[in-house]
Every structure is written in C-alpha cells, then in structure tokens.
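Numbering follows the numbering used here, with no gaps: position 115 of the sequence shown is 117. Every residue, glycine too, gets a C-beta built ideally from N, C-alpha and C. Have a look at the structure below before the remarks.
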Amino acid sequence: MKSTTLRRSNITREKIQMMEALNDYNRQHQDEEFYRAQNKTRELDALWQSFGIRTQRNEKAPQVYFVTGFICGVIVTLAIVVIVSLLINISTPKDDMISVPKKSAVETTDFSFIPADSAASKPAAVVRNQEYTVKSGDTLESIVIRFFGSFDMSKVIAIQNANKMANPNALSIGQKLIIPMK
C-alpha cells in the first residue's frame, strides 16, 4: 500500500502487517481444511459404497421377519396348549376307569372279628329322607354335590321323582325339596 493511502485511512504499518499475517494464516488453514474435507468425503464415499453393497445382499424385507415371528409364535402356542392338556388329562381321574363297587355295611357277609352276638344286637341303620329349602343360586346339580359329594345324574333323577318335578330347572327360592338318602 502506498503511504498516502495509509495516512488517509489512519492504519499503521503494524496493523497492516498484522492483517497480512492473519490473511496468510487463514489461507494456509483454509487449504488444509479443504484437503481434509476432500479426504473425509473420499473416505465416506468408500465406506458408503462398501456398506451399500453389503446391505443389498443381506437385506430382507420386514414382512419376512413378521411372518417368521408369527409362525414361530403359533407353533410355540400350540406346543404349550398340547403340554397343558396332556398334564390335565394325566392328573384328572377318568370316569371310564374300572371302579370297585362299594359294599354297604348291611350287605357284607365277610368274616368279621366282632362276635355274632354283638353284631346281631345292633339295629340296622334307618335311612331317612332329608328336607332342603332352596336358596338363591341353587340348582339341582349343586344340591346333589352338597348332599352326596359328587355329581351323579341318577341322584338328580331320584330327587326329581321324589318331588314330582317335571322341569329340573324350575326351582324357586324357598321351595322345600325332599332328598332321598338311599
């Protein structure tokens, strides 16, 4: 710069030298940043190309994963249901199994350690019918279970016959039922 220009602008030579040094410094670093940016883009391009090739070969559609997961879920659910049903069937007694008939105390003619005199002196137990008043929520099935311990259709029919009921579902609250205890 010319000295006349310097005087007019009130800029000293030291300030000019400092600005030129700053300008040179910026040029050097801009060049370095430019080359660094170019190297980074080259590296990123190379990485992206190799990444893109891999994903195209191994990429599967999300539907494939969904269908595979659904099929596996169905298979596992069926396996659990089968195992639980087998465990339930094993643990519950079957009605079809051969059961030993129960002998009543009166019918037994087996050998007894009790002397005949004391056995003959006891009177036979008299079987009486019981009376039951129907409550809210009672059914013939629940009444049979309450009196006999388990459900038996023959006992339901016996209660119907003893009470002369046409419809076993027509129970009314407060109705008195005769329960045959044979």
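Cβ separation of residue i and residue j, assumed to be a contact under 8 Å, to the nearest whole Å
i	j	result
residue 134	residue 181	5 Å
residue 177	residue 170	That belief does not hold up - the Cβ atoms of residue 177 and residue 170 are roughly 12 Å apart, past 8 Å.
residue 179	residue 145	7 Å
residue 183	residue 132	6 Å
residue 142	residue 158	5 Å
Unbroken alpha helix (DSSP H) run spanning residue i, endpoints
i	result
residue 181	Per DSSP, residue 181 belongs to no alpha helix (DSSP H); it is in the beta strand (DSSP E), 178-181.
residue 156	155-165
Local conformation of residue i per DSSP, three classes
i	result
residue 141	coil
residue 79	helix
residue 14	coil
residue 57	Residue placement at residue 57 is flagged as unreliable, the pLDDT there being 48, under the threshold of 50; a coordinate-derived value is accordingly withheld.
residue 171	coil
Closer than 8 Å to chain C by CB, residue i
i	result
residue 176	This model lacks chain C altogether, as it is built from one protein chain only.
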